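Below is one structure, written out as structure tokens, with a few remarks after it.
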């Protein structure tokens, strides 16, 4: 994690660069009406004006799925949908008060910040406010002795679709980190805040790879970001093809990472595959390898050589506990204690070959996608744009066949896309949520969205039609453009 922070403010000239600066909220800002509405709700709840506002965007990952926790780069962009907070502080009482604008759906919460506890249910996902508590705990641990018992009164609202693969939960954690960090007087270094936000999701049982938090802080309006995690966090703006337009379509199948073991099972399978391969290369410290990228570095492997190694060393399509214990020379007790996580103790079989092949091949697709985008800035090429579409299609095929994180409704959306000549893939963790599709113009995107509305959304069950049809399904299928990362406003 980054170095500990002291007190200080950041000049407005640094907005969007290394630090989150405090900006004066302008009436012409896109977010103005939403923040003013939330400010009114804050006044109703607390009887005073908020001191500052926080905005943290959701994200859509264009390519590079399930590779960040293995150390590999990703290529997301921030979307216009976001989590927003109105915040006030109280230096006399260390009390947290949380009120959600959608009071009917999200119950209010309060607690003593001197006795912060994150309770996880035995079944189902964490309560919504647990994500916020993660962010506070992350700042507490970062500041250690410098932590001050400052109370916070918060009103919040979000229009990032829930459990849809657009990072609504990580945006909430990141918003909590930013609000708490500012209330504590920290230097708001974007990379440091992203690192804290990624680490503290462990408190709700999610072994995050860091993509969601990195794009939440490092995003810049008008471009995607190639985000690298190794050897250190780095974001490079990537200009997407001129005229291209990305569409997000929500299957409306909800999947919460923290409420299921599927995501953590894939993390464990990748870590086991890494150790299996490290031992096959006779590395004496093979147990220390848990990320594919570290093994790549130790063995000086390029992408093709890595694929070949996997195909040679991981020949079976299914491995049992006995297979793993025998090859690694460990007992079943050691497997459970040292290799499996609390939410994956039940696992009996492991698909090491498939998971490893997906991660390594997907990491190569990310690099290719960026390189082609850079080539397109120098010269226009229809062939290159078509190749970007093929990379997205290959990514989806791999996620469906090798990583097994698609869903029948996602497949319906992808099939409709193919029928329209549009390249699309599952985005986010999968098992539900959204697809992202690349169209070659705003007009093509509009036509594509209309087809999806007619052939997918108009066929939804009655209770979903009742909820989404009055707004012509615009909440669940929309063209999106790259937005800024986390922002902090005062009036």
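Residue numbers (UniProt numbering): 1 to 491. Note that the Cβ used here is the ideal one computed from N, Cα and C, for glycine as well. Since the structure is predicted, the reported quantities are computational estimates derived from the model, not experimental observations.
Between the alpha carbons of residue 239 and residue 293 lies a distance of about 26 Å. For residue 434, there is no enclosing alpha helix (DSSP H); the residue is found in the beta strand (DSSP E) stretching over 434–439. Cβ atoms of residue 437 and residue 423 come within 8 Å of each other, at about 7 Å. In this structure the region 398–409 does not touch the region 124–134; the number of beta carbon pairs closer than 8 Å is below three.
About 19 Å separates the beta carbons of residue 289 and residue 73, which is beyond the 8 Å limit, so they are not a contact pair.
Bounds of the beta strand (DSSP E) holding residue 24 are 22–24. Between residue 79 and the set 433, 57 and 430, the nearest pair of CA atoms involves 57. Here residue 85 really is in contact with residue 179; their C-beta atoms are around 5 Å apart, less than 8 Å. Residues 226 of the same chain have their beta carbon placed closer than 6 Å to that of residue 236, with the five preceding and five following residues left out of the count.
About 6 Å separates the CB atoms of residue 19 and residue 190; that is less than 8 Å, so the two are in contact. The beta-carbon separation of residue 431 and residue 397, rounded to 16 Å, does not stay under the 8 Å limit for a contact. Every alpha helix (DSSP H) stretch that sits fully inside the region 345–381 and reaches 4 residues is listed by chain position as 352–378. Collapsing the DSSP output to three states places residue 303 in a helix. DSSP lists 189 as the bridge partner or partners of residue 19. Annotated three-state conformation of residue 134 is helix, per DSSP.
A direct Cα-to-Cα measurement between residue 305 and residue 325 gives close to 26 Å. The shortest C-alpha to C-alpha distance from residue 476 to any of 161, 83, 87 and 327 is the one to 161. An exposed status is given to residue 320, since fewer than 16 other beta-carbon atoms sit within 10 Å of its beta-carbon. Excluding sequence positions up to five before and after residue 70, its CB lies within less than 7 Å of the CB of 270, 291, 292, 293 and 359, all in the same chain and listed in chain order. For residue 223, the secondary structure class from DSSP, reduced to helix, strand or coil, is strand. Here the alpha carbons of residue 365 and residue 393 stand approximately 11 Å from one another. Going by beta carbons, residue 215 and residue 77 fall inside the 9 Å limit.
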